[in-house]
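The next block holds one structure in the form of structure tokens; read it before the comments.
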Amino acid sequence: MALRTASISCFSFSSNLTLPLLYIPFSKASCSVRRPRPVYCAEAEGVSAKQSIVTPYSPFFTATITKKREHPNGIHDLSLFTNEEILEAPTTLEPLFPISLGELLQQSRLDPLTVYGDLNVRISGIQHDSREVVAGDLFICLVGSQTDGHEYLADAITKGAVAVVSDRELDKDLTFECQAVVIVEDTNLAIPILSSAFYGRPSKKLSVIGVTGTNGKTTTTHLIKSVYEAMGSRTGMLGTIGYYIHGDQHLEAPNTTPDSLILQKLMAKMVDNGVKSVVMEASSHGLALGRCNEIDFNVAVFTNLTRDHLDFHVTEEEYKRSKGKLFERMLDPRRNRKVVNLDDPNAYYFLAQGNPDVPAVTFGMENKDADVQPVGFELSLFRTRVFVRTPKGTIEICSKLIGRYNIYNILAAVALGIAVDAPMEAIVKGIEDVEGVPGRCELIDEKQSYAVIVDYAHTPDALSRLLDAARELGPKRIITVFGCGGQRDKGKRPLMTKIAAEKSDLTILTSDNPRNEDPMDILDDMLSGVGWTIKDYLQFGQSDCYPSLPNNHRIFLHEIRRVALRAAIAMGKEGDIVVVAGKGHETYQIEGDQKKFFDDREECREALKIVKKLQQDGADASEFPWWLPQRY
Numbered sequence: 047m048a049l050r051t052a053s054i055s056c057f058s059f060s061s062n063l064t065l066p067l068l069y070i071p072f073s074k075a076s077c078s079v080r081r082p083r084p085v086y087c088a089e090a091e092g093v094s095a096k097q098s099i100v101t102p103y104s105p106f107f108t109a110t111i112t113k114k115r116e117h118p119n120g121i122h123d124l125s126l127f128t129n130e131e132i133l134e135a136p137t138t139l140e141p142l143f144p145i146s147l148g149e150l151l152q153q154s155r156l157d158p159l160t161v162y163g164d165l166n167v168r169i170s171g172i173q174h175d176s177r178e179v180v181a182g183d184l185f186i187c188l189v190g191s192q193t194d195g196h197e198y199l200a201d202a203i204t205k206g207a208v209a210v211v212s213d214r215e216l217d218k219d220l221t222f223e224c225q226a227v228v229i230v231e232d233t234n235l236a237i238p239i240l241s242s243a244f245y246g247r248p249s250k251k252l253s254v255i256g257v258t259g260t261n262g263k264t265t266t267t268h269l270i271k272s273v274y275e276a277m278g279s280r281t282g283m284l285g286t287i288g289y290y291i292h293g294d295q296h297l298e299a300p301n302t303t304p305d306s307l308i309l310q311k312l313m314a315k316m317v318d319n320g321v322k323s324v325v326m327e328a329s330s331h332g333l334a335l336g337r338c339n340e341i342d343f344n345v346a347v348f349t350n351l352t353r354d355h356l357d358f359h360v361t362e363e364e365y366k367r368s369k370g371k372l373f374e375r376m377l378d379p380r381r382n383r384k385v386v387n388l389d390d391p392n393a394y395y396f397l398a399q400g401n402p403d404v405p406a407v408t409f410g411m412e413n414k415d416a417d418v419q420p421v422g423f424e425l426s427l428f429r430t431r432v433f434v435r436t437p438k439g440t441i442e443i444c445s446k447l448i449g450r451y452n453i454y455n456i457l458a459a460v461a462l463g464i465a466v467d468a469p470m471e472a473i474v475k476g477i478e479d480v481e482g483v484p485g486r487c488e489l490i491d492e493k494q495s496y497a498v499i500v501d502y503a504h505t506p507d508a509l510s511r512l513l514d515a516a517r518e519l520g521p522k523r524i525i526t527v528f529g530c531g532g533q534r535d536k537g538k539r540p541l542m543t544k545i546a547a548e549k550s551d552l553t554i555l556t557s558d559n560p561r562n563e564d565p566m567d568i569l570d571d572m573l574s575g576v577g578w579t580i581k582d583y584l585q586f587g588q589s590d591c592y593p594s595l596p597n598n599h600r601i602f603l604h605e606i607r608r609v610a611l612r613a614a615i616a617m618g619k620e621g622d623i624v625v626v627a628g629k630g631h632e633t634y635q636i637e638g639d640q641k642k643f644f645d646d647r648e649e650c651r652e653a654l655k656i657v658k659k660l661q662q663d664g665a666d667a668s669e670f671p672w673w674l675p676q677r678y
């Protein structure tokens, strides 16, 4: 793949650099880890593996460890806590199912308003979806934003539900065949309490790491999972890309944070499979809606906070408070930890949540007070090499994750490792073992002469960071394709267009899950970011070929995403970077109420093959985007 790349060195230290002794709390010997560089790093630079051994630079290894027992911020002493207290959570109750309704209510400590019927009825399962009910189940009538479980109660009873939980009095004729009815104040709050008790409180048998923030959660959870596995801990993972029981065993993820019933089921399954640790993305929706209630978190990690989900939270302050709920649970200094991005303006808000005596490890690239920070790094299209200073010494990490913003994710994983007293070798190995994260700055390689990157960036901040990272790689041009979701935060649409127009050489606006909104209305909102309207744009008339559109902003649009992607691919020339943002790992496009298969990565590969074929046939690839000869 003949790509124009640039290696950027950002070392900013002097040869006599020493670490401040008073701020290193650990009594262990200094640990600086250097080893032969991974083969892929050597290959990326065109050298052999034997040539890739690095001679130590003395500036990285002058850290001296003092025996003074205090945390870098002067508050906490991490050396007081053993690995076992964080890595190995104590086991408690065995799974209780099947169980009588009375025992379940007692074990769950749920305080119902009223209970009718037989408390001795045996419960063999819990469901909130009537389609999943089988004989012996307890059916909980959840009330959502679009549906009300009470409407499906008759169906659940017909299928064999023996007991019902409701937030209102029910018609006796409707529940005649049901053996018990439990009335509670809020079924949405009752379900995590009941499901946790039913499955034996599985989170208490696991070390649970919660990662929250606007951007970086998915990549950070992958890195942390790998660090734990490098320590020999069988580890599960729950997040946007999938629900991993352990290793590569996984299920598709309908939500970043599963609903509380599924969450308890998954954790119980993990316990059954010998899993010791689980790292999960704790989304603002999941925290606000109580999906994470009854989860016994050990560690809370905060990545960053920027605008997102205001269609749900309404205000940025409420959005922040929802994220902060994870840190409110950090109460026990002996078994809880906080890991916080100190560069974020909201860092001290998150540090202040919960018990201030809970040990905290901070990370950052700009704030020199951070416990974990880079002292130098190199960026290229193939890898990121970073030297990280920690309270336990300096380490070198050579990662396949690319882009400056991924350094933050790497630092978060390092800080997590420091927080749980992981061996430094395990931290390095775990991070370097991550081959990449699906749909996160993912390179599409069909041996073309320019780079194509697919990324999940769907917020203004994420798109800005992605384009900054692409620019640092030294391309001739950046060609960006993105859309904004329908029935979601409308305020970010013009912001994202403005960012793309300022940081790209060419921008193509298109659809991204329009749902029940008119795609042209969404595009109109997006164009307002550069002071345009659809009417302004269409004054040029329809065109079969993009070059004929005069446009001072170098902006084009097409409501059909496949066409827009093909346009970008056909525009690409040697040394360019084509950035396809918004969907990342997703394999669908939602139009109206229909969910159709669509994968940006596959579409890009197909487009690259067609462009190559056109070029081989001597056809004009520039007309490929809007019009294609029938034989193609």
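Every position in the sequence shown, counted from 1, becomes a number in the working numbering once 46 is added.
Ideal placement from N, C-alpha and C gives every residue a C-beta, glycine not left out.
Treat the numbers as computed from the prediction; the structure is a model and nothing was measured.
Burial state of PRO391 (16 or more Cβ within 10 Å): Of the residues assessed, PRO391 falls on the exposed side of the cut-off, its CB having fewer than 16 other CB atoms within 10 angstroms.
Candidates VAL230, ASP342, PRO238, ILE453, of which the one nearest LYS251 by Cα: ASP342
Bridge partner(s) assigned by DSSP for ARG450: In DSSP, ARG450 forms no bridge with anything.
Simplified DSSP state of CYS650, which is helix, strand or coil: helix
Closest Cα partner of GLY336 within the set THR579, LEU541, PRO304: The residue with the shortest Cα to Cα distance from GLY336 is PRO304.
Supposed close pair THR352, THR505 - CB separation, criterion 8 Å: 6 Å
ASN387, buried or exposed, once every other Cβ within 10 Å from all chains shown has been counted against 16: buried
GLN419, buried or exposed, once every other Cβ within 10 Å from all chains shown has been counted against 16: By the neighbour-count rule (16 or more Cβ atoms within 10 Å), GLN419 is buried.
Supposed contact pair ILE172 and SER249 - C-beta distance, whole angstroms, cut 8 Å: Not quite, the Cβ-Cβ distance comes to about 16 Å (not below 8 Å), so this is no contact.
CA-to-CA distance, THR267 to GLY476, given in whole angstroms: Between GLY476 and THR267, the C-alpha separation is close to 12 Å.
Close-in-space but distant-in-sequence residues of the same chain around GLU563 (CB under 7 Å, 5 per side omitted): Within the same chain, GLY532, GLN533 come within 7 Å of GLU563 by CB-CB distance, once the 5 residues on both sides are set aside.
Nearest candidate by alpha-carbon position, reference PRO158, set ALA236, LEU188, CYS224: Of the candidates ALA236, LEU188, CYS224, the one whose C-alpha sits nearest the C-alpha of PRO158 is ALA236.
Residue nearest to VAL474 in terms of C-alpha spacing, selected from LEU457, GLY485, VAL211, GLU488: LEU457
ALA207 and CYS187 closer than 8 Å at C-beta: Taking 8 Å as the Cβ cut-off, ALA207 and CYS187 do not qualify as a contacting pair.
From LEU269, VAL189, LYS536, residue whose alpha carbon lies closest to that of ASN452: LEU269
C-alpha gap between THR128 and ALA465, whole angstroms: Its pLDDT being 36, under 50, THR128 is placed unreliably in this model, and the value from its coordinates should be taken loosely. Straight through space, the alpha carbons of ALA465 and THR128 are spaced by roughly 11 Å.
Distance between GLU471 and TYR454 (C-alpha atoms, nearest Å): 19 Å
Exposure label - GLN310; buried when at least 16 CB within 10 Å: buried
Between the CA atoms of LEU216 and ALA200 - distance to the nearest angstrom: 11 Å
Residue from ASP467, LEU519, ARG247, LYS366 with nearest C-alpha to MET277: Measuring from the Cα of MET277, the nearest candidate turns out to be ASP467.
Unbroken alpha helix (DSSP H) run spanning PHE244, endpoints: Per DSSP, the continuous alpha helix (DSSP H) segment holding PHE244 begins and ends at 233-244.
Pairwise C-alpha distance: CYS338 and VAL657: The alpha-carbon atoms of VAL657 and CYS338 are separated by roughly 47 Å.
Endpoints, beta strand (DSSP E) assigned at LEU555: Unbroken beta strand (DSSP E) run through LEU555: 552-557.
Beta-carbon contacts of GLY400 that lie in its chain and below 7 Å, excluding the five residues immediately before and after: PHE373, GLU374, ARG375, MET376, LEU377
Reduced DSSP secondary structure (H/G/I, E/B, other) of LYS315: helix
Straight-line gap, MET326 to GLU231 (C-alpha atoms, nearest Å): 29 Å
Three CB pairs or more closer than 8 Å across the region 638-657 and the region 508-525: no
For GLU632, the nearest candidate out of VAL179, LYS642, VAL624 (CA to CA): LYS642
Nearest neighbour of ILE287, chosen from THR204, GLY630, LEU165 [CA to CA]: GLY630
Which of helix, strand or coil DSSP assigns to PRO71: With a pLDDT of 29 at PRO71, under the threshold of 50, the modelled position of that residue is not reliable, and no figure is offered here.
For ASN339, three-class secondary structure by DSSP: coil
Helix, strand or coil at ASN387 according to DSSP, with G and I counted as helix: strand
Between the CA atoms of VAL460 and GLY439 - distance to the nearest angstrom: When rounded, the distance between both Cα atoms is 12 Å.
Opening and closing residue of the alpha helix (DSSP H) in which ILE270 lies: 263-276
Straight-line Cα distance separating PRO560 from ILE580: If I take the Cα positions, the gap works out to 16 Å.
Three-state secondary structure (DSSP) of HIS122: Note that HIS122 has pLDDT 32, beneath the 50 cutoff, so the model's placement of it is unreliable and the number below is only indicative. DSSP, read as helix, strand or coil, puts HIS122 in coil.
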